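Okay, structure first, notes after.
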Amino acid sequence: MTGAIVMQGLSKDYGSGHGLFDLDLEVAEGEVFGFLGPNGAGKTTTIRLLMGLIHGSAGTATVFGLDCDRDSVAVKREVGYLPGELPQFGGMRGSEVVAYLGGMRGAIDRARVTEIAERLELDLGRRFREYSRGNKQKLGLVLAFMHRPRLLILDEPTSGLDPLNQQTFHHMVGEVSADGATVFLSSHVLSEVEETCSRVGIIRDGRLVSDMTMDRVHELRYHEVVIDFNGDVPEGAVRAAAGVEDVAVDGPRLTCTVHGGFDGLLAAISGHTVADLVSREPSLESIFLSYYSK
Amino acid sequence: MPPRLLLRLHRIGLVAMAYLGIFYVLVNSAAFPLIAGRTRASQEAFGHSITVLGATFSWLLPLPMGADTAAGYLQWRGYGFMAIVFAAWGLISACGAVRRDEDRGLVESLLATGISRLRLLVSRSVFFAMLSAEIVFLAGAAGWVGCVIAGSPAEVSGLVGESAALWGLTLASFGIGLLVAQLAADFRSAAAAASLVGLLMFLLDSIGRSSIQRAPVTDISVFHLFNQSNAIAPRGTFDLAATLALFVVAATATVVASVAFVRRDIGAGLIRTRRRRAPDVHVPSSNPLLRTPVARGLWIHRLGALGWTAGMAVAAAAVVLLVNVTATFFASTPSLSPYLRGLPGSVHTVLLALIWLSFAQALVAIFAITVVSRWSNEDSSGVLEMQLAEPIPRWGLLGERAAELTVIVTVMSFVAMAVILALAPAEGIPLDVGRLLTATALLIPFGLTFAGVGALLAGWRPRAAVVVLSTITAISYFVFELGPLFKWPALADNLSVFQLYGTPLITPVFVGGLIAMLAIAVVGFGSAGVMLARRDVAA
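Chains P and X are the protein sequences, given in the same order. No gaps in the numbering here: position 268 of the first sequence is 268 in the working numbering, and each next residue is one more. Numbers given in the working numbering equal positions in the second sequence, counted from 1, plus 1000.
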């Protein structure tokens, strides 16, 4: 596989510590890459740099070997783009917005537009100003997907979509990925990334803090365990057990987190009378919240 | 609502009306001796001519009174015209306060903060009242200064009274606009309905003023109430009852509008049209124009382009029809004869050239400003980001914008020319078709000059582009208008783009001016291309 997107030392300094700093990242062709981070982390700045809408302060970004700044027109021929927020097209009908922006690109695949609009249940006959937030987002998805791009760059793609349409979107991403397209999507909703992406990058304060496969993400999973003992609490043994962290004791109750298997914990408490044991797996959201807060 | 936010929401009206109100009043009073002459005899002759002319224009302005003085002339030409403009401002500003802010979600956001609907509407109205009061009374002060410059100071009490009447008219229009805007579902329909109401009120007063037997129904117009005062003119009166009635109209309309605002749904008008249930559409528009460069922009902005073209055509027709009346006025006013002396061609042709071309230039310049305003808006609203997300170069987009503007200015200008060609023979105005064609064609580089400067400003500082371009245009226009009156040096005159255009209907083409206009346009668009390529979009 070759790099569909390659960023080397990419920076955009807005001053006062804001912006994007020294981003090194490569997304392979055919990969679905999730770009995660809290608001203001630098996700949209990265996307706008890739689209050649803003100019970097340092470093380079290429898409299919084309420089995003110098060859931005050629880059955009290969890209389907969904901005974080669609602008106001006022009294234009959805069908006219599609024809207008599609016309700027060249030929329009009418069958493809119809297919996506039907799947998303979007009425293109209505005026833009009449669209709800969700319908505007659907129109944005039509615009991004309609020309079967080699690369999709999507900024918060499911924002405003209802769960059914979110599901449709996940299917659409799966299909274009199966056809060989690359997808770069930003989000702060981990479940969305979990459902669609094969790899994830985490950005915080303008810096990439992690780049890992979803398998590795799943390895970050852990269980929160609460055990109520009848009699002595084997605190020492539990603290010494492999994979057990964050041990706390409150009377007969012990709480801890368990990473990986439960063998170590079970060995530590064997021989003690357990009145109750509850194990809970936190959502990936919670896992990443704790990751962000570190 | 925070005053800073209110100020921001009304900034365009504030800047435009301050410019217009203060400068217009100042010019129409200070320049009086320059057009009426400095001797008492010439001023009396001028006043007589204005009285005759005023009778012809009674459908547009109230009859002049004491027009042989700066104060009387200011009353007739200054405040007669200002009444129309300030009433229009009040109506459209109210529609913007209600519907435009609602269309863009601002009203919803403000109401979500816990502010009551009543308080929201009242705070907008009170702020507008304060803002309009400042502008109206500053304009009154400018009128006083202008009369002092003219050498015949106006009565301060008269200026205060007339300013109060103008303020009342503006507020009454604002209140009526607030009420009308409650009925419509969006800004466009609200503005159209309010304009119609404004026109109706104006016509009622106009009919009443021009009729021999006045029908009482014509007295309900707010323009009629305003015109009851002519306090600036010598021997004029201030009608306190009529002025108070204007404030009562304003208060009543605002109260009724507040009740309607409280009762209706946000995002909908009081009058609702049932939406026809049509089958869903899942195909893109097959309109080929939307896929064709330049044509797509023309199609999207077709309504505005048609409106401007129609407006320019109507203006051309009005000017042609007024040439004979104006010629008679000039012939009977000795102080004005020097302005036409030495100019080649018949008086009618000269007047058509002077009046129409300065009118056409002003319209084309204002059109260019509105287009630049749209470019700036496209930048801040994200439309530019979407356009540039498509595989077209930035300079290509800029070229498309310039081409679109060129086509519309061309159509506007040549449709107006066709109207002039059609009407002029019937009015007995001799025309050189070749020169008219040249003069019309020269409006294109003239428009591109403003657009080039505007494109540069929009490429550099989109948010400031409209204000800066409007300022440049206003200064340029006043230099052009006032330079000859005050005998400013030619160097100052030539700083005006209006001056660069020349008078191609009666004199040979000003080649230097044409080259300068083309150079400004080319440098403007060229620099705009560089600016746009270098700067961040959507940042």
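Heads up, the beta-carbon is just placed ideally off N, CA and C, and yes, glycines get one too. Every value quoted in this text rests on a predicted model; they were computed, and no experiment measured them.
task = Closer than 6 angstroms by C-beta to L254/P: which residues in its own chain qualify, once you throw out the five before and the five after it? Chain order, please.
result = Here residue 254/P is taken as the residue at index 254 of the first sequence, counted from 1. Once the five neighbours on either side are set aside, the close Cβ partners of L254/P are I227, V233.
Whole-angstrom distance between A1458/X and W1375/X, CA atom to CA atom: Locating residue 1375/X in the second sequence gives position 375, where the first residue counts as 1. Locating residue 1458/X in the second sequence gives position 458, where the first residue counts as 1. Straight-line spacing of the CA atoms in W1375/X and A1458/X works out to 7 angstroms.
What are the residues in the segment 114-129 of chain P lying within 9 angstroms of chain X by C-beta distance? The segment 114-129 of chain P vs chain X, Cβ under 9 angstroms: T114, E115, I116, A117, E118, E121, L122, D123, L124, G125, R126, R129.
Please identify, using Cβ separations under 7 angstroms, the residues of the segment 1374-1394 of chain X that lie next to chain P, in order along the chain. Against chain P - using a Cβ distance shorter than 7 angstroms - the residues of the segment 1374-1394 of chain X are S1381, G1382, V1383, E1385, M1386, Q1387, L1388, A1389, E1390, P1391, I1392, P1393.
- Message: Against L1290/X, what residues of chain P qualify as contacts under a CB-to-CB distance less than 8 angstroms, listed in chain order?
- Response: Here residue 1290/X corresponds to residue number 290 of the second sequence, with the count starting at 1. Here the neighbours are E96, A99, Y100, G103.
inquiry  = So for Q1182/X, helix, strand or coil by DSSP?
reply    = On the second sequence, residue 1182/X is found 182 positions in, with the first residue counted as 1. Q1182/X falls in the helix class under three-state DSSP.
- Query: How many angstroms separate the CA atom of A248/P from the CA atom of R199/P?
  - Reply: Mapped onto the first sequence, residue 248/P falls at position 248. Mapped onto the first sequence, residue 199/P falls at position 199. So the two alpha carbons sit approximately 34 angstroms from each other.
Query - Nonlocal neighbours in the same chain, by C-beta distance under 7 angstroms from A1129/X, ignoring five residues either side - result: Sequence index remark: in the second sequence, residue 1129/X carries index 129 (1-based). Once the five neighbours on either side are set aside, the close Cβ partners of A1129/X are L1171.
Practice prompt. Please work out which residues of its chain come closer than 7 angstroms, Cβ to Cβ, to I1506/X, disregarding the five sequence neighbours upstream and downstream, and give them in chain order.
Written response: Stepping through the second sequence from its first residue, residue 1506/X is reached at position 506. Contacts found: L1343, P1344, G1345, T1349, V1350, A1353.
Tell me, to the nearest whole angstrom, how far the beta carbon of G19/P is from that of G206/P; I am working on the premise that it is less than 8 angstroms. Here residue 19/P is taken as the residue at index 19 of the first sequence, counted from 1. Here residue 206/P is taken as the residue at index 206 of the first sequence, counted from 1. Rounded to the nearest angstrom, the Cβ distance from G19/P to G206/P is 5 angstroms, consistent with a contact under 8 angstroms.
**Residues, ordered as in the chain, of the segment 1256-1285 of chain X that lie near chain P by beta-carbon distance below 7 angstroms** = Contact annotation: in the segment 1256-1285 of chain X, residues whose CB is within less than 7 angstroms of a CB in chain P are A1278, D1280, V1281, H1282, V1283, P1284, S1285.
| Exposed or buried, G1013/X, counting other C-beta atoms within 10 Å across all chains shown (16 or more means buried)? | Position 13 of the second sequence, counted from the first residue, corresponds to residue 1013/X. Counting C-beta atoms within 10 angstroms of its own C-beta, G1013/X has 16 or more neighbours from the protein chains shown and is therefore classed as buried.
| In whole angstroms, what separates the C-alpha of I1369/X from that of D1493/X? | As a working note, residue 1369/X is residue 369 in the second sequence. As a working note, residue 1493/X is residue 493 in the second sequence. When the Cα atoms are used, I1369/X and D1493/X turn out to be separated by approximately 22 angstroms.
query = Between L139/P and L122/P, which are expected to be in contact by the criterion C-beta below 8 angstroms, what is the C-beta distance as a whole number of angstroms?
reply = Taking the first sequence and counting its residues from 1, one reaches residue 139/P at position 139. Taking the first sequence and counting its residues from 1, one reaches residue 122/P at position 122. Right, the Cβ-Cβ distance comes to about 6 angstroms (below 8 angstroms), so this counts as a contact.
Note down, in chain order, every chain B residue with its Cβ under 9 angstroms from the Cβ of R1296/X.
Protein chains in the displayed structure are P and X, and chain B is not among them.
Report task. Under 8 angstroms between beta-carbons, which chain X residues line up against V73/P? List them in chain order, please. Result -> Locating residue 73/P in the first sequence gives position 73, counting from the first residue. Ordered by position in chain X, the residues that pass the 8 angstroms Cβ test against V73/P are P1391, I1392, P1393.
(request) Would you tell me roughly how many angstroms separate the C-alpha atoms of P1430/X and A1315/X, rounded to the nearest one? (result) Indexing the second sequence from 1 puts residue 1430/X at position 430. Indexing the second sequence from 1 puts residue 1315/X at position 315. Straight-line Cα distance between these residues: approximately 19 angstroms.
query = Is the closest heavy atom of the ligand ADP to the C-beta of T1438/X under 8 angstroms?
reply = Among the components modelled here there is no ligand, and therefore nothing to report on the ligand ADP.
Q. R1534/X CB to nearest chain P CB: under 9 angstroms?
A. Indexing the second sequence from 1 puts residue 1534/X at position 534. Output row for R1534/X: interface = yes.
Determine the DSSP secondary structure at I5/P, reduced to helix, strand or coil.
Locating residue 5/P in the first sequence gives position 5, counting from the first residue. Correct three-state label for I5/P: strand.
C-alpha distance - G1304/X paired with G80/P, whole-angstrom precision
Taking the second sequence and counting its residues from 1, the one referred to as residue 1304/X is at position 304. Taking the first sequence and counting its residues from 1, the one referred to as residue 80/P is at position 80. The straight-line gap from Cα to Cα measures roughly 32 angstroms.
Counting beta carbon pairs with one atom in the segment 1024-1038 of chain X and one in the segment 1057-1077 of chain X, are three or more of them shorter than 8 angstroms? Contact between the segment 1057-1077 of chain X and the segment 1024-1038 of chain X is established, with three or more Cβ pairs separated by less than 8 angstroms.
Point to revise | Euclidean distance between Cα positions of S1157/X and F1510/X | key: The sequence position of residue 1157/X within the second sequence is 157, counting from 1. The sequence position of residue 1510/X within the second sequence is 510, counting from 1. Cα to Cα, the separation comes out at about 48 angstroms.
### Message
Distance check for F1359/X and I1149/X, CA to CA, integer angstroms please.
### Response
As a first step, residue 1149/X is located in the second sequence; it is residue number 149 there, counting from the start. As a first step, residue 1359/X is located in the second sequence; it is residue number 359 there, counting from the start. Between I1149/X and F1359/X, the C-alpha separation is close to 27 angstroms.
Please list the partners that Y81/P has in chain X, where partner means a Cβ-to-Cβ separation under 8 angstroms.
Translated into positions along the first sequence, residue 81/P becomes position 81. The contacting residues are A1389.
For S1125/X, which residues from the same chain have a beta carbon less than 6 angstroms from its beta carbon, with the 5 sequence-adjacent residues on both sides left out? Within the second sequence, residue 1125/X is the residue found at index 125, counting from 1. Closer than 6 angstroms at the Cβ level, and outside the excluded window around S1125/X, lie T1254.
| task | Pick helix, strand or coil for Y222/P, following the three-state DSSP scheme. | result | Locating residue 222/P in the first sequence gives position 222, where the first residue counts as 1. Of the three classes helix, strand and coil, the one that applies to Y222/P here is strand, per DSSP.
query: Start and end of the beta strand (DSSP E) containing H259/P?
result: Translated into the one-based positions of the first sequence, residue 259/P becomes position 259. It spans 253-259 - the beta strand (DSSP E) in which H259/P sits, taken as one unbroken run.
Below 9 angstroms between beta carbons: does that hold for I1515/X and F1329/X?
Within the second sequence, the letter at position 515 stands for residue 1515/X. Within the second sequence, the letter at position 329 stands for residue 1329/X. Going by C-beta atoms, I1515/X is not nearer than 9 angstroms to F1329/X.
Nearest CA to the CA of L1179/X: which residue from W1167/X, R1188/X, A1193/X? In the second sequence, the residue the question calls residue 1179/X occupies position 179. If we check each option's Cα against that of L1179/X, A1193/X comes out closest.
### Message
Assuming E281/P and R216/P are in contact, meaning their beta carbons sit under 8 angstroms apart, how far apart are those beta carbons, in whole angstroms?
### Response
Reading the first sequence from its first residue, position 281 is the one you call residue 281/P. Reading the first sequence from its first residue, position 216 is the one you call residue 216/P. Contact doesn't hold; Cβ gap of about 17 angstroms is too wide.
| said: Within a Cβ cutoff of 8 angstroms, which residues of the same chain sit near A1455/X, ignoring the five residues on either side of it in sequence? | reply: Start at 1 with the first residue of the second sequence, and residue 1455/X comes out as number 455. The answer, listed in chain order, is V1372, W1375, L1398, R1401, A1402, G1524, F1525, A1528.
**Prompt:** Assuming T1449/X contacts V1479/X under a Cβ cut-off of 8 angstroms, what Cβ separation, rounded to an integer in Å, is found between them?
**Reply:** If you number the second sequence from 1, residue 1449/X lands on position 449. If you number the second sequence from 1, residue 1479/X lands on position 479. In fact, because the Cβ distance is near 15 angstroms, the residues do not count as touching under 8 angstroms.
For Q1499/X, which residues of its own chain have a beta-carbon under 6 angstroms away from its beta-carbon, when the five flanking residues on both sides are left out?
For the purposes of this step, residue 1499/X is taken as the residue at position 499 of the second sequence. Within the same chain, Cβ atoms closer than 6 angstroms to the Cβ of Q1499/X are found at F1480, D1493, the five residues on either side in sequence being excluded.
Leaving out five residues on either side along the sequence, give the residues of the same chain with a beta carbon under 6 angstroms from the beta carbon of L154/P. As a working note, residue 154/P is residue 154 in the first sequence. Around L154/P: L82, L185.
Practice problem: Taking H259/P as the reference, give the member of T273/P, A241/P, A275/P, E31/P with the closest Cα. | Solution: In the first sequence, the residue the question calls residue 259/P occupies position 259. For H259/P, the nearest C-alpha among the options comes from A241/P.
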